[in-house]
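**Q**
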Amino acid sequence: DTAVSQTPKYLVTQMGNDKSIKCEQNLGHDTMYWYKQDSKKFLKIMFSYNNKELIINETVPNRFSPKSPDKAHLNLHINSLELGDSAVYFCASSIPGQEYGYTFGSGTRLTVV
Amino acid sequence: GENVEQHPSTLSVQEGDSAVIKCTYSDSASNYFPWYKQELGKGPQLIIDIRSNVGEKKDQRIAVTLNKTAKHFSLHITETQPEDSAVYFCAASRGGSYIPTFGRGTSLIVHP
Chain A
1 DTAVSQTPKY LVTQMGNDKS IKCEQNLGHD TMYWYKQDSK KFLKIMFSYN
51 NKELIINETV PNRFSPKSPD KAHLNLHINS LELGDSAVYF CASSIPGQEY
101 GYTFGSGTRL TVV
Chain B
1 GENVEQHPST LSVQEGDSAV IKCTYSDSAS NYFPWYKQEL GKGPQLIIDI
51 RSNVGEKKDQ RIAVTLNKTA KHFSLHITET QPEDSAVYFC AASRGGSYIP
101 TFGRGTSLIV HP
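Here the protein sequences come in this chain order: A and B. Residue 113 is where the first sequence ends in this note's numbering, and the numbering goes up by one at each step. Residue 112 is where the second sequence ends in this note's numbering, and the numbering goes up by one at each step.
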């Protein structure tokens with residue numbers, strides 16, 4: 001069983017479109033995250049949710065909106081996609097308290113053309 | 001905030017050699033230091049971690065050392081194998097509600 005699963009794995013779309021990436025974890029973790037990994041492999045935190053509540057919202061354009069219908073799901077919706085949004089997006093989860101490791105999903109490669 | 005520097009950015013070794021990746025951190029309150037391995041096309045995977053009350057931890061061919069005074073920690077891989085080829089990330093965290101800060105990654109290439 002996949003612990004943190006993301007869909008889709010690949011997403012190619014045109015500028016200006018709206019798209020969503022879904023994430024589900026079956027680990028019973030309370031905290032979920034979205035990270036963006038650029039072409040140089042740098043991992044940048046975007047959002048953190050604890051038990052469906054937004055905890056951290058780093059400097060991310062408001063075109064990005066996370067939605068957590070329950071503590072096992074954290075979806076990412078992106079409006080008006082831009083070329084610079086092209087990256088790999090990772091969902092992750094952890095038990096409460098950052099002193100424990102993350103479990104990452106396998107990533108969604110978003111390409112905006 | 002925390003700043004984590006990771007070196008080298010690329011490391012190329014022959015199979016059987018040892019590999020060492022080094023990280024420094026700036027926040028003396030950081031107390032948890034995980035290491036992640038990211039294989040091609042996959043998400044980062046936690047491979048080992050160390051807490052600030054421990055100076056060294058070992059798991060088979062991998063080990064991590066921590067020098068709190070100097071604020072640096074290192075990953076050591078012995079008897080490297082081609083399947084060790086991946087991008088490795090270090091991170092530092094204060095624990096609690098603090099998000100860990102990641103290093104910029106080291107691409108390890110093990111030549112057969």
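Each residue gets a CB set at the ideal place from its N, CA and C atoms; glycine is no exception.
What is the DSSP secondary structure of E39(B), reduced to helix, strand or coil?
**A** Position 39 of the second sequence, counted from the start, is the residue given in the question as residue 39(B). Three-state DSSP puts E39(B) in coil, outside helix and strand.
**Q** Classify L83(A) as helix, strand or coil using the three-state DSSP reduction.
**A** Translated into the one-based positions of the first sequence, residue 83(A) becomes position 83. L83(A): helix per DSSP, three-state reduction.
**Q** Taking all protein chains shown into account, decide if G103(B) is buried (16 or more other Cβ within 10 angstroms of its Cβ) or exposed.
**A** Mapped onto the second sequence, residue 103(B) falls at position 103. Flag for G103(B) reads buried.
**Q** Do the segment 88-98 of chain A and the segment 73-86 of chain B meet, that is, are 3 or more Cβ pairs less than 8 Å apart?
**A** No, they do not touch.
**Q** What's the gap between the Cα of D84(B) and the Cα of G43(B)?
**A** For the purposes of this step, residue 84(B) is taken as the residue at position 84 of the second sequence. For the purposes of this step, residue 43(B) is taken as the residue at position 43 of the second sequence. Distance between the alpha carbons of D84(B) and G43(B): 15 Å.
**Q** Counting only C-beta atoms, is S48(A) closer than 8 Å to chain B at any point?
**A** The residue you call residue 48(A) lines up with position 48 of the first sequence. By this cut-off, S48(A) is an interface position.
**Q** Helix, strand or coil: which one does DSSP assign to E83(B)?
**A** Locating residue 83(B) in the second sequence gives position 83, counting from the first residue. E83(B): helix per DSSP, three-state reduction.
**Q** Need the endpoints of the beta strand (DSSP E) that S9(B) sits in, please.
**A** One-based indexing of the second sequence puts residue 9(B) at position 9. That residue, S9(B), is in no beta strand (DSSP E); it is neither H nor E in DSSP.
**Q** I think H77(A) touches S65(A), with their Cβ atoms under 8 Å apart; what is that distance to the nearest whole Å?
**A** For this step, residue 77(A) is matched to residue 77 along the first sequence. For this step, residue 65(A) is matched to residue 65 along the first sequence. Confirmed, about 5 Å.
**Q** Answer yes or no: do E2(B) and S28(B) have a C-beta to C-beta separation smaller than 8 Å?
**A** Your numbering for residue 2(B) matches position 2 in the second sequence. Your numbering for residue 28(B) matches position 28 in the second sequence. No.
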